[in-house]
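**Q** Using full-length UniProt numbering, the letters of the sequence shown map in sequence onto residues 1 to 313.
Where a beta carbon is used, it is the ideal one built from N, C-alpha and C, also for glycine.
Owing to the predicted nature of the structure, the values given are computational and were not obtained by experimental measurement.
Sharing a structure, written as structure tokens. Questions coming.
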Amino acid sequence: MPKAIKEVQGNTLNNFIKVTASTRVKRTATTLSSSSISTSSASGENSSQVTAVSSSSTLVEASPLELDATVAVQLETLEQDTMGKSWYNALKDEFEKDYFRKLKGFLETELKSHTVYPSLQNVYSWSRLTPLNSVKVVILGQDPYHNVGQAHGLSFSVLPPTKPPGSLKNIYKQMATDIPSFSAPKQGDLTALAKLGVLWLNTSLTVQAHKAGSHSGKGWETFTAKALKAVVSRPESSGVVFMAWGLPAQKTCDKIGIDQTKHLVLKSAHPSPLSAHRGFLGNNHFKLANEWLVRKYGEGAEIDWAVLSRSES
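What follows is the structure, given as structure tokens:
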């Protein structure tokens, strides 16, 4: 591992840990810049102060042992520091379970030798942007995008100014078909919809750079299944819409036991360019979701999918 900390995009160990000259590797030395993470959700739900990188931090040399110790500290309190409060309370029992401890050990090993996406402060961004009690629609993905400048914690979404990947382009095409006021934006950031109650959730929350599926089967699927069960079992809920695109997402929905008398499950092919023409395009899912939400909750309950078009203008 090089001694000099390099500034690179993504979540290598060297990128996540920038140490101020006065305090070296102390957790209290740095604060997270507002451009990296939002600690307030759409409903005003605040997460804990996140210890991460300040835009004004001074880069200094740190030994491999210091870096290794710091990433361990960051991982130890990652959920407490970066999860939205409602999700943290719903899922906190998972953090002490054996599978989750093994998952964190795996992530620590990965971070010490590889680039991992998304950045640690964005692994749980979905939980801050879409509080548990605000979820209206769940859109399942598999694992994060694995190239630089893409993943930021929401399924199918990419960091601006990255252009939409093929799957997201097809999602935009179907939105335009279903929603007359929608026009496809040039960028692929879906944050605006997350704030309206669309939970963009990958079943695996991290990935090694350039290795699709590399963190699958390590424990994330068990954890995100618990998150989905928290949605379907909300006592105040009268139902949400699940969009399950592709066989893996459909199997996930089947496993968690969704009561389809209470919730709407919409299934189709995946929006990938390889499969979109085999049942995704033309599925009318965004129109069907809004119609169901209005029937269930009344006018005004629908998702304003066109917010993406307006946010770019």
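Any idea which residues DSSP pairs I139 with across the strands?
**A** Here the question's residue 139 lines up with position 139 in the sequence shown. Answer is W200 and M243.
**Q** If you draw a straight line from the C-alpha of K163 to the C-alpha of G188, how long is it?
**A** In the sequence shown, counting from the first residue as 1, residue 163 sits at position 163. In the sequence shown, counting from the first residue as 1, residue 188 sits at position 188. Those two C-alpha atoms are separated by around 6 Å.
**Q** Determine the closest residue to L91 out of S119, L103 and S127, with distance taken between C-alpha atoms.
**A** Working through the sequence shown from its first residue, we reach residue 91 at position 91. Checking every option, the nearest Cα to that of L91 belongs to S127.
**Q** Pairs of beta-carbons, one from the region 135-149 and one from the region 231-250, closer than 8 Å: are there three or more?
**A** Segments in contact, yes.
**Q** For the beta strand (DSSP E) holding K267, just list the boundary residues, first then last.
**A** Within the sequence shown, numbered from 1, the residue matching residue 267 stands at position 267. Element bounds for K267: L264 to S268.
**Q** Return the CA-CA distance between G279 and Q74, expressed in angstroms with no decimal places.
**A** By 1-based counting over the sequence shown, the position of residue 279 is 279. By 1-based counting over the sequence shown, the position of residue 74 is 74. Whole-angstrom Cα-Cα distance: 42 Å.
**Q** Assuming E108 and F100 are in contact, meaning their beta carbons sit under 8 Å apart, how far apart are those beta carbons, in whole angstroms?
**A** Position 108 of the sequence shown, counted from the first residue, corresponds to residue 108. Position 100 of the sequence shown, counted from the first residue, corresponds to residue 100. About 13 Å separates the two Cβ atoms, so there is no contact after all.
**Q** Take every Cβ of the region 78-85, pair it with every Cβ of the region 203-213, and state whether three or more of those distances are shorter than 8 Å.
**A** no
**Q** Any contact of the region 218-231 with the region 177-186, i.e. 3+ C-beta pairs under 8 Å?
**A** The region 218-231 and the region 177-186 do not touch, with fewer than 3 CB-CB distances between them shorter than 8 Å.
**Q** When you compare the CB positions of G153 and S272, do they come within less than 8 Å of one another, or not?
**A** Numbered from 1 along the sequence shown, position 153 holds the residue referred to as residue 153. Numbered from 1 along the sequence shown, position 272 holds the residue referred to as residue 272. No; because the gap between Cβ atoms is not below 8 Å, this pair is not in contact.
**Q** Please classify V116: does DSSP put it in a helix, a strand, or coil?
**A** Looking up residue 116 in the sequence shown gives position 116. Strand at V116.
**Q** Beta-carbon separation of L281 and K173 under 8 Å?
**A** Within the sequence shown, residue 281 is the residue found at index 281, counting from 1. Within the sequence shown, residue 173 is the residue found at index 173, counting from 1. Their beta carbons are under 8 Å apart, which means L281 touches K173 by this criterion.
**Q** Look at E302 and N290 and say whether their C-beta atoms are less than 8 Å apart.
**A** What you label residue 302 is simply residue 302 of the sequence shown in a count that begins at 1. What you label residue 290 is simply residue 290 of the sequence shown in a count that begins at 1. Yes, Cβ-Cβ distance for E302 and N290 is below 8 Å.
**Q** Taking C-alpha atoms, which residue in A151, C253, L132 and L264 lies nearest to V231?
**A** Residue mapping note: residue 231 aligns to position 231 of the sequence shown, counting from 1. Among A151, C253, L132 and L264, the Cα nearest to that of V231 is on L132.
**Q** Indicate whether A192 and T130 have their beta-carbon atoms separated by less than 8 Å.
**A** Taking the sequence shown and counting its residues from 1, the one referred to as residue 192 is at position 192. Taking the sequence shown and counting its residues from 1, the one referred to as residue 130 is at position 130. The answer is no: Cβ separation not under 8 Å.
**Q** Please say whether E96 and Y88 have beta carbons closer to each other than 8 Å?
**A** Counting from one through the sequence shown, the residue named residue 88 turns up at place 88. Counting from one through the sequence shown, the residue named residue 96 turns up at place 96. For Y88 and E96, no; Cβs fall outside 8 Å.
**Q** From F286 to P185, what does the alpha carbon distance come to, in whole angstroms?
**A** As a working note, residue 286 is residue 286 in the sequence shown. As a working note, residue 185 is residue 185 in the sequence shown. Going from the Cα of F286 to the Cα of P185 covers about 17 Å.
**Q** Rounded to whole angstroms, what's the CA-CA distance from S134 to N147? Just pull it up for me.
**A** As a working mapping, residue 134 is identified with position 134 in the sequence shown. As a working mapping, residue 147 is identified with position 147 in the sequence shown. Going from the Cα of S134 to the Cα of N147 covers about 30 Å.
**Q** Within 10 angstroms of the Cβ of G254, are there 16 or more other Cβ atoms? Answer buried if so, exposed if not.
**A** For the purposes of this step, residue 254 is taken as the residue at position 254 of the sequence shown. The identity of residue 254 in the sequence shown is Asp, whereas the question assumes Gly. Burial call: exposed.
**Q** Could you name the residues of the same chain whose beta carbon sits closer than 6 Å to that of V307, not counting the 5 residues immediately before and after it, in chain order?
**A** Locating residue 307 in the sequence shown gives position 307, where the first residue counts as 1. Excluding sequence neighbours, V307 sits near A192.
**Q** Excluding the five sequence neighbours on either side, which residues of its own chain have a C-beta within less than 6 Å of the C-beta of T222, listed in chain order?
**A** As a first step, residue 222 must be located in the sequence shown, where it is residue number 222. Once the five neighbours on either side are set aside, the close Cβ partners of T222 are Y99.
**Q** Going straight from the alpha carbon of K211 to that of H114, what length do you get?
**A** The count along the sequence shown starts at 1 and reaches residue 211 at position 211. The count along the sequence shown starts at 1 and reaches residue 114 at position 114. In a straight line, the C-alpha of K211 is about 11 Å away from that of H114.
**Q** When the Cα atoms are used, what is the spatial distance from S54 to S125?
**A** Taking the sequence shown and counting its residues from 1, one reaches residue 54 at position 54. Taking the sequence shown and counting its residues from 1, one reaches residue 125 at position 125. Bear in mind that a pLDDT of 30 at S54, under 50, signals an unreliable position, so the model cannot answer this.
**Q** Kindly indicate the opening and closing residues of the alpha helix (DSSP H) around L168.
**A** Indexing the sequence shown from 1 puts residue 168 at position 168. Its alpha helix (DSSP H) spans residues G166 to D178.
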